[in-house]
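Only one structure is covered here, and it is reproduced in the block below.
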Amino acid sequence: MAAASAGFAQVKLEILPPSVELNGPEARQQLLAEATVDGFHEDWTRRAQWSSSNPAVAAVDERGRLTPKSDGEAVVTAKAGVQTASVTVRVANAKAPVAWSFRNHVIPVLTKAGCNQGACHGALAGKNGFKLTLRGYDPEVDYGVLTRQAAGRRVNLAEPSQSLLLRKPVFSLPHGGGKRFAADSLEYRVIAEWIASGAPPPSAEDAEVAGLDVYPKQARLKAGAEQQLVVRARFSDGRVEDVTRWVKYSSNNEGTATVDDHGLVKMNGSGEAAVTIWYASRVLYSRLSVPYPHQVPAEAYAQFPKRNYIDELVAKKWRQLNLKPSRPASDSEFIRRAFLDASGSLPNAEDVEQFLAGNSPNKRTELIDRLLERDEFVDYWAYKWSELLLISSRKLRPNGMWAFYNWVRDSVKENKPWDKFAREIFTGSGSTLENGALNYFVLHKDPIELTENVTQAFLGERLTCARCHNHPLEKWTQKQYYQMANLFTRVGLKNGNEPGDVVVYAKPQGDINHPRLLRPLDPAPLDGKPMPVDSSGDRRAHFAEWLTSPDNRGFARNVVNRVWGNFFGRGLAHPIDDVRESNAASNEELFDTLVKDFTGSGFDVKRLIRLIMNSSAYQLSSEANETNQKDEVFYSKYNVKRLPAEVLLDAMSQVTGAPTAFPNYPAGTRALQLPDSQVASQFLSIFGRPQRIICDLSERSSDPGIAQALHVINGDTLNRKLSASDGSIALFLKLGFSDARI
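Under this note's numbering, the first residue of the sequence shown carries the number 48, and numbering increases by one thereafter.
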C-alpha cells in the first residue's frame, strides 16, 4: 500500500484482496489495484503495471490475473505512476492433479450459463424433457438426470466431446437456449475434464461454501466510473477460490449503478446502489455510491442538531452523498405529523393552541411523552399489530376474534416487550378465549401456512419459494423449509366448553414429510439448532426460544424496520416488511445500531418509538432544498406519505364532528378501534383497507384511483358528514360563522 500527494490530490493505492493463497493448478485470482483519490475510489487495475517477484511461483498478467506455477511465495506489485502497492501470494499444490467437483464447479458453470434457471431447464416442468433443479439446489438429483437419463447421451464417458452437455451449450447441435459458452472457454474445459475423469458424483464429503467475500465491499466513486468486483468463496475445508466469473449479479438501483455478467459495475448517476451477489445459495452485496453534484458547506452538518445516534448516523450518510438536510419542521407541522404517525389521529384545536403557545425548549419531547400515553396511541398500534397477525372474523368466531384483539390491545397498553409478545403467542396452551394469543393457531391450522406466516410476520422473510425447491434468491433450502414446518406439526386443536372456544395443546405425535425425501426431518428453526425428530420436547417452545433470542438479528430487525417505516414512510430496508439478507438497507450502520439498541433495551417498542420521534431527522420539514429534491431514501427530508384508509376516515369524522357509523358497533367507534377487517365500509374498501388474508403489506393498497376521487367528490361518506345536523358545519352555521371563517 502506498500514499502520496500528487499536486493537491491525496492518493492512496492498495491491492485487493489484501491476501492471496492459490491452491491447486487451476486456482486463479483476479487482483484489483484500488486507488483512493481525494476521497473517491478509482479502479486502476488496467492502468497499473503488474509484476511478480517470482514468476516461477506465481505469474501475473497485464490485467492483474494470477496463475500458479509452483509451490512457494511471491510478491506481486502494482505500479501506477509514482504509486505502488504489493501483496504476498502463497501457492500450494500447484502440480497436484486437477479434480473438478460436480457440486462446486460443474453446477456453478451450469448456473452461470443459465441452464438451470427458471426460464430454461430449471423450470417446474423443465424444457424438452430435460429438467434440472432450480439453480442446482439438489446436486444429487441433477447428477442422476445428467448421467442416467437420455440413454447416457448427456454425459458420454467414452467420448466426452460428444456429450450433449457440451455440444448443446456450444451450439454444435441445435439448442433452443442458443450458445451458452465457447468451445475454448473455461466453462467448456471444466465440464469436459470432469467427464473425462469419470464424471465423479457429488459426495457428502464435498467441501461446502462457508461464506463469500466481495472486493471492494463499499466504494465512493464518480459518475461515469467503472469498478470491477472480485468475489471469493470460502469453503468448509479452508480453501478460498475466486468465483467472480460464476457469480450472478444484480443492482437494486440501476439509476446509480448497473452491473454486467462479469461483475463490472458502471456508475450512472448520483445516489447509492447495492450490487447483490449470488453464489451457491449465498448472498451478499457491495455498496457503491456517487455523491450528488452539490457543494454542501461543513456548517450545514455542524448546525444540524444531533439529539441522538440516529442523527449522527443519518448525517454521516448525508456527508458521504453531499446531501444537505431540509430545514426543521415548524411547530404546526410537527404536532400534526406527531399525532398522525404515533396515534393515527389529528390534534384538536386545544392541543394545537397549547403546543404553539408553549415556551419550553423541551416541548416537543413533552408532547411525544403525552402522545405515547394516550388511548389513541394504544388504538393505533393495536390496529397495526392486529393487521400483522391477520385478526379477522373470516376464520375466527366473534368471541375468539375479540379475545385475540383484546390481548393485542392490552399488550400495547402495558408496553409488553416484543420478545414476550411473541413468546406468549407461540408457547401458550389452553382456551383461546382465556388466552387470546392462542387464536393465532386457529387462524393458521396448517403447518405449511403457519410456517410461511410466521416467517413473514416475525422475521420479514418470504419463505414460500423454498416449499418446492431451494429459494432461488436467498440462502434458504427446501430442507430448511420442512425442518421449520415440522416445528408446528404437533399443535393440537379441539373444541372448548362453549361456542367459539378452542383448546390449544401439544400433541405427542405428528410430522410432515419432506416431499422429495419422503420422510420427516429433524425440526429446526432457520439456521437454528435442530431437535431430534423423535424428541418428546415441546417444539413450539424450542422455536420461541430461538425466535426471541438476542442473537437472532432477524427478529429484532423485522420489528425495528416496521416501526421505523411507520414514521418515515419507508423502511431502512424497503419494502418495510422485507428484511431478508439480500435486501440491502439504505443505512446499514444505522439499522444495525437501532437493532442492537432495541435488543439491549429488552425489546422495548415504546422506547424505540420515543427515540425515533425525538430525533432531528424525524423532525425535518418535507420541503426540499437544492440538494435533496430527489432523495427519497436517506431521510434528508421528511417523506410525504399517504394516510391509511382508517386514519383518513377517522380524520374526516374528527374534522366534521360526524362519527362514522359501523354496523353492530357502538356510535362513536373509530375506524382504528375496529378489531375486525370484515366490518362493512365502502370507504375503507375503496381506499385500500386490507382483508387480512395474507401477511404482506402489499395487500394494503396505497395507489390512488378514479373510484377514490369520485367517492370524495360525490360519495356518501364525506357528503353525509358535511351535511350532518349535529356536525361541525351545522354548529358553525348556527354560530353565524362566515363562509371564509368556516
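A virtual CB, placed ideally from N, CA and C, is assigned to each residue, including glycine.
May I have the straight-line CA-CA distance separating residue i from residue j, to the nearest angstrom?
i: residue 570; j: residue 651; result: 30 Å
i: residue 466; j: residue 596; result: 8 Å
i: residue 520; j: residue 562; result: 21 Å
i: residue 192; j: residue 546; result: 54 Å
i: residue 431; j: residue 539; result: 28 Å
i: residue 371; j: residue 358; result: 13 Å
i: residue 54; j: residue 85; result: Summary for residue 54: the model assigns pLDDT 49, below 50, so the residue's position carries little reliability, and this model does not support an answer.
i: residue 449; j: residue 594; result: 26 Å
i: residue 544; j: residue 454; result: 20 Å
i: residue 150; j: residue 111; result: 28 Å
i: residue 173; j: residue 167; result: 7 Å
i: residue 52; j: residue 107; result: Note that residue 52 scores a pLDDT of 46, beneath 50, so its modelled location is shaky; the value from the coordinates is reported in the next line. Near 28 Å, if we compare the C-alpha coordinates of residue 107 and residue 52.
i: residue 542; j: residue 488; result: 13 Å
i: residue 327; j: residue 178; result: 19 Å
i: residue 572; j: residue 626; result: 17 Å
i: residue 415; j: residue 403; result: 14 Å
i: residue 429; j: residue 456; result: 5 Å
i: residue 739; j: residue 784; result: 44 Å
i: residue 234; j: residue 665; result: 52 Å
i: residue 17; j: residue 392; result: Because the chain here runs from 48 to 789, residue 17 falls outside it and cannot be looked at.
i: residue 767; j: residue 701; result: 14 Å
i: residue 501; j: residue 743; result: 12 Å
i: residue 419; j: residue 377; result: 21 Å
i: residue 77; j: residue 226; result: 26 Å
i: residue 216; j: residue 153; result: 13 Å
i: residue 551; j: residue 535; result: 12 Å
Am I right that residue i and residue j are in contact with their C-beta atoms under 8 Å? What's the rounded C-beta distance?
i: residue 506; j: residue 528; result: Residue 506 to residue 528, Cβ: 13 Å. No contact.
i: residue 707; j: residue 696; result: 6 Å
i: residue 61; j: residue 132; result: 5 Å
i: residue 458; j: residue 723; result: At roughly 18 Å, the Cβ-Cβ gap does not stay under 8 Å, so residue 458 and residue 723 are not in contact.
i: residue 389; j: residue 351; result: At roughly 23 Å, the Cβ-Cβ gap does not stay under 8 Å, so residue 389 and residue 351 are not in contact.
i: residue 354; j: residue 662; result: 6 Å
i: residue 242; j: residue 204; result: 6 Å
i: residue 304; j: residue 313; result: 7 Å
i: residue 368; j: residue 338; result: 5 Å
What is the DSSP secondary structure of residue i, reduced to helix, strand or coil?
i: residue 325; result: strand
i: residue 786; result: coil
i: residue 400; result: helix
i: residue 528; result: helix
i: residue 135; result: strand
i: residue 106; result: strand
i: residue 318; result: strand
i: residue 778; result: helix
i: residue 120; result: strand
i: residue 691; result: coil
i: residue 230; result: coil
i: residue 433; result: helix
i: residue 260; result: strand
i: residue 701; result: helix
i: residue 183; result: helix
i: residue 369; result: coil
i: residue 552; result: strand
i: residue 494; result: helix
i: residue 379; result: helix
Answer yes or no: do residue i and residue j have a C-beta to C-beta separation smaller than 8 Å?
i: residue 574; j: residue 567; result: no
i: residue 670; j: residue 374; result: yes
i: residue 181; j: residue 197; result: no
i: residue 674; j: residue 341; result: yes
i: residue 140; j: residue 71; result: yes
i: residue 239; j: residue 213; result: yes
i: residue 618; j: residue 605; result: no
i: residue 35; j: residue 634; result: Within the shown structure, residues of the chain are numbered from 48 to 789, placing residue 35 beyond reach of any answer.
i: residue 249; j: residue 184; result: no
i: residue 273; j: residue 300; result: no
i: residue 329; j: residue 522; result: yes
Between residue i and chain D, is there a C-beta pair that is closer than 8 Å?
i: residue 169; result: The chain inventory of the structure shown lacks chain D, comprising one protein chain alone.
Let me know the beta strand (DSSP E) ranges lying completely inside the region 49 to 84, each 3 residues or longer, listed in chain order. For the region 49 to 84, whole beta strand (DSSP E) runs of length 3 or above, ordered along the chain, are 49 to 53, 56 to 63, 67 to 70 and 79 to 84.
In the region 635 to 671, which residue ranges form an unbroken alpha helix (DSSP H) of at least 4 residues, counting only runs that do not cross its ends? Runs found: 635 to 647 and 652 to 661.
Return the chain-ordered ranges of every beta strand (DSSP E) run that is complete within the region 263 to 311 and spans a minimum of 3 residues. Fully enclosed beta strand (DSSP E) runs of no fewer than 3 residues occupy 265 to 267, 273 to 275, 277 to 282, 287 to 289, 295 to 298 and 304 to 306 of the region 263 to 311, in order along the chain.
What are the uninterrupted segments assigned as alpha helix (DSSP H) that are 4 or more residues long and contained completely in the region 575 to 618, given in chain order? If we require 4 residues or more, the alpha helix (DSSP H) runs fully inside the region 575 to 618 come out as 586 to 594 and 600 to 615.
So within the region 206 to 254, which uninterrupted alpha helix (DSSP H) runs reach at least 4 residues, ignoring any that extend past its ends? Counting only runs of 4 or more, we get 211 to 214 and 233 to 243.
Enumerate, from N- to C-terminal direction, the unbroken alpha helix (DSSP H) stretches of 4 or more residues contained entirely within the region 441 to 488. Entirely contained in the region 441 to 488, the alpha helix (DSSP H) runs reaching 4 residues are, in chain order, 445 to 460 and 465 to 474.
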